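J.: To start, I am sharing the structure in question, which I have written as structure tokens.
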Amino acid sequence: MPAKTYVRTIINGEHVDFLCEPRQSLLECLRDVIGLTGTKEGCNDGNCGACTVSMDGRIVTACLVLGVEAEGKEITTIEGIAKGSQLHPVQQAFLENAALQCGICTPGFIVSSVALLEKIPQPSEHQIRFWLANNLCRCTGYDKIVRAVQDAATKM
Amino acid sequence: MHWIDYASPHSVREAVDLLNEAGGSARPMAGGTDVLVQLRANALPDVNLLVDMKNIPELNEMTMDPEVGLTLGAAVPCYKIYGNKAIEHAFPGLIDCASLIGGTQIQGRASLGGNLCNAAPSGDSIPVMIALGGVARISGPSGDREVPLEDFCTGVRRTVIQQGEILVSLHFPAPVANQGANYMRFIPRNEMDIAVAGVGCSVVLDNGNIKSARVALSSVAPTPLYVKEIGDAIAGKPANEETLKLAGQMAKDAAKPITDMRGTIEYRKHLCDVLTRRSLQIAIDRAKES
Amino acid sequence: MTTTDYERNIVLSNVEYNVVGTRPVRPDGADKVTGRALYGADFDTSGLLHGKVLRSPHAHARIRSIDTSKAEALQGVLAVVTGKDMPHEADESDGTKYSRDNILASDKVLYKGHAVAAVAATNPHVAEEAIGLIEVDYEVLKPVLTAPEAMKDSAPILHEGLKTEELGEKTDKVSNIANHFQHVKGDIAKGFADADVVVEREYNTVTVHQGYIEPHGATALWNTDGRLHIWCSTQGAFTARDATAGILGVPVSQVRVTPMEIGGGFGGKIPVYVEPIAALLSKKSGHAVKVVMSRAEVFESTGPTSGSNIRIKVGAKNDGTITALQGYLAFEAGGYPGSPVNAGAICIFAAYDVDNVLIDGYDVVVNKPKSAPYRAPGAPNAAFACEQAIDELAGKLGMDPIDLRLKNAAVEGTRRPDGPAFPRIGCVEVLEAMKNHPHYSAPLGPNQGRGVAIGYWFNIGFQSSVNINVNSDGTISLIEGSTDIGGTRASISMQAAEVLGIPMEDVRPSVVDTDSIGFTAVTGGSRTTFATGWAAYEAAQDVARQMIERAATIWDVDKDGIELKNGVFQSKADPELKMTFKELSGQLLDTGGTVVGRASMNAGGLGAGGGSFAGNIVDVEVDPDTGKTLVTRMTAIQDAGKAIHPSYVEGQMQGGSVQGIGWALNEEYYMRDDGSMANTSLLDYRMPTSLDIPMIDTVIVEVASAEHPYGVRGVGEANIVPPTPAIANAVHSAIGIRMANLPINSVAIMEAKWKQQGN
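Order-wise, the sequence lines are chains P, W and U.
The numbering of the first sequence is this note's numbering, which starts it at 1 and goes up by one.
The numbering of the second sequence is this note's numbering, which starts it at 1001 and goes up by one.
The numbering of the third sequence is this note's numbering, which starts it at 2001 and goes up by one.
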């Protein structure tokens, strides 16, 4: 069997090196190789956003990134959003606004929403809905998610 | 997914050599948002090497020169395009497509060069790039060449790119005075969708008349469709509703769509009419503002 | 921790509680916003193998032979299984054979995506390569894809042994019609003879999927001691245990199911699919095996809800009194019998008190995946038809559509066409809340239209168990068996907290495995907050009784002289004798041991609590040139009986509404003639994105259920019933055309307009 590749990254602020097959996606590497299962797989073709992570400051769907492409990159996953035991305002707002039901899409929504508020600190409802259109939620009807992002924006 | 290898060349020459040596079994990859999906769906069973284009400087170039125009590296991701003020000012038509390919996350990876090389009939960036008179700069084992974008796609997922060749960059001539462009597509959702039909257009105005125009359609033929006849017919005519109606009818007549899960032949032809009128109106409005 | 202030959107309730009706943060929230919560695919254990399933490329075919030798020879492959590994007994019933064949086909494949074989390997990519090496020889047969087609005598037959059950009697006729039943009330002929106005129309709905974001996933370990342990994403650990044991032919005591967190289900994660396959692979390989579906597998191989063909005939007097309601419902069951046509027939006319009713229902097998429950299964199909016919009737009579419904609304005592009489229900109250809502009289813009509709879901009770352990610091550990899809740890905990007079934050809920709690039915049928919440209420009452006895022992007084009020045990006679719940909890270990409260109860059958009515007011805007339809405003109104946690009640209403929008406008299984689904991705199966919909306003109506201690009615499902007809009615209001088929997409609208214009 051909050789695996050695990949050096910074994940959630820590140096993380791992071995992977070139065909393995970053999503597989995070979940199966590194053990960070907070990033979820919903479709494996970039259409649901459940595997959203930030790579070098830009959100991407980890299913459409190869693990080997992460060489030298800085990656933030849902596990890196809180500061120690202090939840990020977006996480807190999701809790207080009941913006999750089953919770499977929640990691992706939170990573996307944090990136949105870093780019647009006071987004309009339309800007929130546009930015989050690559994140599917089947439970909430989005209403409480949009409200949670609006709420978080007032607290950041 | 079957086993693949991965290479990340740092120069055009290195990439060309890799692709040439691999024969048909290598595939260039920019953002990967199409090729990885196709690999997982077993649509590329013969590919066993992905050549990553993102670490080649020329493919990341983004240069806007008021005289020469815009040179856009083939691997520049969408978000860098719509984040560029100079491009936003000079080429709002490119911003139209760069900001609606996929969603926010896809735009972090996907490139207009990749969208072009993927050569889907529905490729969102291609009609307006054709309308803007874009040219593909290609490097290969036997040197460099340029191909007008309307000649680039040759069939469903087929292009002029030959074995060992890569698309290095796209070039767009600097906009002239009173020029405007637009891309408009119809999708059932408001985002995250494949065009049922799309129209890219560019117009140059002269005192309320259309001096020249270029219109191209997507999702209504095996390749994006440049309809030269529309530009020929409306050049010299006033920029009014009657002219737009003529253009719409010509687009409808030129379209050769199929019926599939995204729409019927009749509906798609109808959309070509509606979208051509609407898109040209936006291009005209932009030309007036420019 | 603060909770957000909400505008009061609750009408009618006149009972206030300390905990019930508040909006605390859910107990499992911290894990779910930090990525720590473990879902079906997140389980890991030593020596874990990965399984992949080979699925039929044909919608209808006979399996001649399967050759797995090349797959078995591939390095990294540890087990291969086929239908031959299923324990088919010589005397197995049709039902058992069907349930086994749906997991791994034995003789025929009945839909594209039907499982044929499976492989366990050291790596999912190797397993995928291995299934590509399995050779299956098929005799391809002609597929049949809709109920009307499958009911024809000339249709290809799916099951040579399937004999139609006709009005309760088994016949000798082999056909694709598994069952035909009738509900009869009054005299339908007389009802139409009495009518001044009649509306008659045929409607069609297409197959749609629940669309949960988490694909099915399960890990099984068939241990050397013969015990099978499964970790999976399921709506019911006990149901998954019992189904898996039945399919594998082992006693339920041999199977233990640990439910992982579940990433959505909407009914679709009630059946098992990959659990028995993982078990067989584990038995053969000696390793734990994890099988996780791809998105395409979820679409092609798990149960969507039925497409249906429905005819409605309704007659009324000129004053709006409905004299007759007739319905014909033919539902696609998928490859095996069991569509939700029965439920559709229960719900179709439930909102109306009409003397003369006739309903015919047909359960029809077709070459599509075996249908599974989807949120109020069958009722949205039924309402799409009935509520459009009622709207059309209102138009003919020149009546306001809500007034027409109010004039004929079902009330307490009204007999449903399928038999039972309603207990206290909120049909009238929901309609009045709709009529009084400012949305109903708000002005409309150009190209806009407004529609209304009401819908019913009967809800179920069934079995639930809860144990409560009192901790020495005054908190309680609440052990339950209902998997938490949408915040039920909170709504269950709150009912226990209310009884004991403690804050909800002092309740520590755990959803546990099938060896650790008494039998609990599925999280489905809108039953969890109702039934498991009720069990929590009873378990808390048990705790209260025991603690009162303990206080009586400590104080040496009669227990009947002690009461628990707002979390304080006090002597009725001596105001000085009192202890808080926390103080008494601290003394339990020294005064006879800890207190354990228990409840195991059956909370009723179909119709438990009276069910729930839900209504919608919807505005749409239709692009006159493209037909594109957007919902511009939507108000959801639902009878919750009593909203335990109003935020999660609103969330159910909003979620059901948006699933309804998707169903109405864009979602469909786009089937090719060969029986394959063309749009098996979330790109082409177009569920609404955040950008497609407005905020969804909610009005919670509280007409307390007479059965539940807090008056709760389940709210999970009724909210998806009215959206499809309300949107169809709104489109009619906007463009003047009745859209009788789903989805009402832009192509359909333009074709209808062209047809009307005579093009």
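The beta carbon of each residue, even a glycine, is placed where N, CA and C say it ideally should be.
This one's a predicted model, so the numbers in the text were calculated from it and none came from an experiment.
According to the Cβ coordinates, are W/C1078 and W/S1111 closer than 8 Å?
T.: Taking the first residue of the second sequence as position 1, residue 1078 of chain W is located at position 78. Taking the first residue of the second sequence as position 1, residue 1111 of chain W is located at position 111. The beta carbons of W/C1078 and W/S1111 sit closer together than 8 Å.
J.: Under 8 Å, CB to CB, which of the residues in the stretch 36-61 of chain P have a partner in chain W?
T.: In summary, the residues of the stretch 36-61 of chain P whose CB is separated from some CB of chain W by less than 8 Å are N44, D45, G46, N47, G49, T52, M55, R58, I59, V60, T61, in the order they occur in the chain.
J.: Any C-beta of chain W sitting closer than 8 Å to the C-beta of P/A133?
T.: Locating residue 133 of chain P in the first sequence gives position 133, counting from the first residue. Cβ-Cβ to chain W under 8 Å: yes for P/A133.
J.: Tell me which residues share the same chain as U/T2632 and place their Cβ nearer than 7 Å to its Cβ, disregarding the 5 neighbours each side in the sequence.
T.: The residue given as residue 2632 of chain U occupies position 632 in the third sequence. Cβ-Cβ distances below 7 Å link U/T2632 to Q2448, D2619, V2620, E2621, P2694 in the same chain, with the five nearest sequence neighbours on each side left out; the list follows chain order.
J.: Across which residues does DSSP place W/P1148 in a beta bridge pair?
T.: Numbered from 1 along the second sequence, position 148 holds the residue referred to as residue 1148 of chain W. Partner(s): W/V1135.
J.: Check the Cβ-Cβ distances between W/Q1188 and every residue of chain U, and say whether any is below 8 Å.
T.: The count along the second sequence starts at 1 and reaches residue 1188 of chain W at position 188. Checking the displayed sequence, the identity of residue 1188 of chain W turns out to be Pro instead of Gln. Interface residue, yes.
J.: Residues of chain U with CB closer than 9 Å to the CB of P/K83, please, in chain order.
T.: The residue labelled residue 83 of chain P in the question sits at position 83 within the first sequence. Result: empty, since nearest Cβ-Cβ is about 11 Å, beyond 9 Å.
J.: According to the Cβ coordinates, are P/G67 and P/V7 closer than 8 Å?
T.: Stepping through the first sequence from its first residue, residue 67 of chain P is reached at position 67. Stepping through the first sequence from its first residue, residue 7 of chain P is reached at position 7. Yes. Within cutoff.
J.: Between the stretch 2067-2080 of chain U and the stretch 2297-2314 of chain U, are three or more C-beta pairs nearer than 8 Å?
T.: no
J.: Against chain U, does W/V1076 count as a neighbour if the rule is that its beta carbon must be under 8 Å from one of theirs?
T.: Locating residue 1076 of chain W in the second sequence gives position 76, where the first residue counts as 1. At a cut-off of 8 Å between beta carbons, W/V1076 makes no contact with chain U.
J.: Hey, how far is the Cα of U/G2246 from the Cα of P/I104?
T.: For this step, residue 2246 of chain U is matched to residue 246 along the third sequence. For this step, residue 104 of chain P is matched to residue 104 along the first sequence. Cα to Cα, the separation comes out at about 30 Å.
J.: For U/Q2182, write down the residues that DSSP places opposite it in a beta bridge.
T.: Position 182 of the third sequence holds residue 2182 of chain U. Beta-bridge pairing links U/Q2182 to U/D2360.
J.: In the DSSP assignment, find the unbroken alpha helix (DSSP H) run with U/Y2098 in it and report its ends.
T.: Counting from one through the third sequence, the residue named residue 2098 of chain U turns up at place 98. Note, U/Y2098: alpha helix (DSSP H), 2094-2103.
J.: So, for U/I2134: in the same chain, excluding its five sequence neighbours on each side, which residues have a beta-carbon less than 6 Å away from its beta-carbon?
T.: The residue given as residue 2134 of chain U occupies position 134 in the third sequence. Once the five neighbours on either side are set aside, the close Cβ partners of U/I2134 are L2054, T2068, A2071, A2117.
J.: Residues of chain W with CB under 7 Å from U/E2129, in chain order?
T.: By one-based count along the third sequence, residue 2129 of chain U stands at place 129. Below the 7 Å Cβ cutoff, chain W contributes H1002 as neighbours of U/E2129, in chain order.
J.: With 8 Å set as the bound, which would you pick, yes or no: does the beta-carbon of U/D2042 sit closer than that to a beta-carbon of chain P?
T.: Your numbering for residue 2042 of chain U matches position 42 in the third sequence. Closer than 8 Å to the CB of U/D2042 there is at least one CB belonging to chain P.
J.: Go ahead and label P/K144 buried or exposed: buried means 16 or more other beta carbons lie within 10 angstroms of its beta carbon, across all protein chains shown.
T.: Counted from its first residue, the first sequence places residue 144 of chain P at position 144. Buried, by the Cβ-count rule.
J.: Would P/A3 and P/V90 be called neighbours here (beta carbons separated by less than 8 Å)?
T.: Taking the first residue of the first sequence as 1, we reach residue 3 of chain P at position 3. Taking the first residue of the first sequence as 1, we reach residue 90 of chain P at position 90. Contact: no.
J.: Quick one: Cα of U/K2084 to Cα of U/K2290, how far?
T.: Residue 2084 of chain U sits at position 84 when you count from the first residue of the third sequence. Residue 2290 of chain U sits at position 290 when you count from the first residue of the third sequence. Those two C-alpha atoms are separated by around 21 Å.
J.: As an exercise, report each continuous beta strand (DSSP E) stretch of at least 3 residues that is fully enclosed by the stretch 2314-2357 of chain U, in chain order.
T.: Complete beta strand (DSSP E) runs here, min 3: 2322-2334.
J.: Going along the stretch 1265-1280 of chain W in order, which residues come within less than 7 Å of chain U, judged by CB to CB distance?
T.: Taking 7 Å as the Cβ-Cβ cut-off against chain U, the residues of the stretch 1265-1280 of chain W that qualify are Y1267, H1270, L1271, V1274.
J.: So that I know if they touch, is there some Cβ in chain W lying closer than 8 Å to that of P/E14?
T.: Taking the first residue of the first sequence as 1, we reach residue 14 of chain P at position 14. It does not; no Cβ of chain W falls within 8 Å.
J.: Where does W/D1273 fall in DSSP's three states?
T.: What you label residue 1273 of chain W is simply residue 273 of the second sequence in a count that begins at 1. Three-state DSSP puts W/D1273 in a helix.
J.: Quick one: is U/H2183 buried, meaning 16 or more other Cβ sit within 10 Å of its Cβ, or exposed?
T.: Taking the third sequence and counting its residues from 1, one reaches residue 2183 of chain U at position 183. Classification of U/H2183: buried, given that the 10 Å Cβ count is 16 or more.
J.: Which of the three DSSP states, helix, strand or coil, is assigned to W/H1010?
T.: Taking the second sequence and counting its residues from 1, one reaches residue 1010 of chain W at position 10. Of the three classes helix, strand and coil, the one that applies to W/H1010 here is coil, per DSSP.
J.: Taking the alpha-carbon positions, what's the U/K2755 to U/I2744 distance?
T.: The count along the third sequence starts at 1 and reaches residue 2755 of chain U at position 755. The count along the third sequence starts at 1 and reaches residue 2744 of chain U at position 744. Going by the C-alpha atoms only, they are around 15 Å apart.
J.: Any Cβ of chain U within less than 8 Å of the Cβ of P/V65?
T.: Counting from 1 along the first sequence, the entry for residue 65 of chain P is found at position 65. So no, P/V65 is outside the interface.
J.: Leaving out five residues before and five after W/A1007 in sequence, what residues of the same chain have Cβ atoms less than 6 Å from its Cβ?
T.: Position 7 of the second sequence, counted from the first residue, corresponds to residue 1007 of chain W. Same-chain partners within the cutoff: L1018, V1051.
J.: Are the C-beta atoms of W/G1073 and some chain P residue less than 8 Å apart?
T.: Counting from one through the second sequence, the residue named residue 1073 of chain W turns up at place 73. It does not; no Cβ of chain P falls within 8 Å.
J.: Which residues in chain P sit within 8 Å of U/E2089, going by Cβ to Cβ distance?
T.: Numbered from 1 along the third sequence, position 89 holds the residue referred to as residue 2089 of chain U. Those within 8 Å of U/E2089 in chain P number zero; the least Cβ separation is about 38 Å.
J.: Around the Cβ of U/P2024, are there at least 16 other Cβ atoms within 10 angstroms (buried) or fewer (exposed)?
T.: For the purposes of this step, residue 2024 of chain U is taken as the residue at position 24 of the third sequence. The residue is buried, with at least 16 neighbouring Cβ atoms inside 10 Å.
J.: Quickly, what does DSSP pair U/N2602 with across the bridge? List them, please.
T.: As a position in the third sequence, residue 2602 of chain U is number 602, starting the count at 1. In the DSSP assignment, U/N2602 is bridged to U/Q2463.
J.: Flag this pair as yes or no: are the beta carbons of U/E2387 and U/P2723 separated by less than 8 Å?
T.: Counted from its first residue, the third sequence places residue 2387 of chain U at position 387. Counted from its first residue, the third sequence places residue 2723 of chain U at position 723. No.
J.: With a threshold of 7 Å on Cβ separation, who are the neighbours of U/H2159 within its own chain once the five nearest residues in sequence on each side are excluded?
T.: By one-based count along the third sequence, residue 2159 of chain U stands at place 159. Result list for U/H2159: V2365, in chain order.
J.: Please report the distance separating the alpha-carbon of U/T2002 from that of P/V146.
T.: For this step, residue 2002 of chain U is matched to residue 2 along the third sequence. For this step, residue 146 of chain P is matched to residue 146 along the first sequence. The predicted position of U/T2002 is uncertain, since its pLDDT is 38 and thus under 50; a value taken from the coordinates is nonetheless stated next. Approximately 19 Å between the Cα atoms of the pair.
J.: DSSP beta-bridge partners for P/N134?
T.: Here residue 134 of chain P refers to the residue found at position 134 of the first sequence. Beta-bridge pairing links P/N134 to no other residue.
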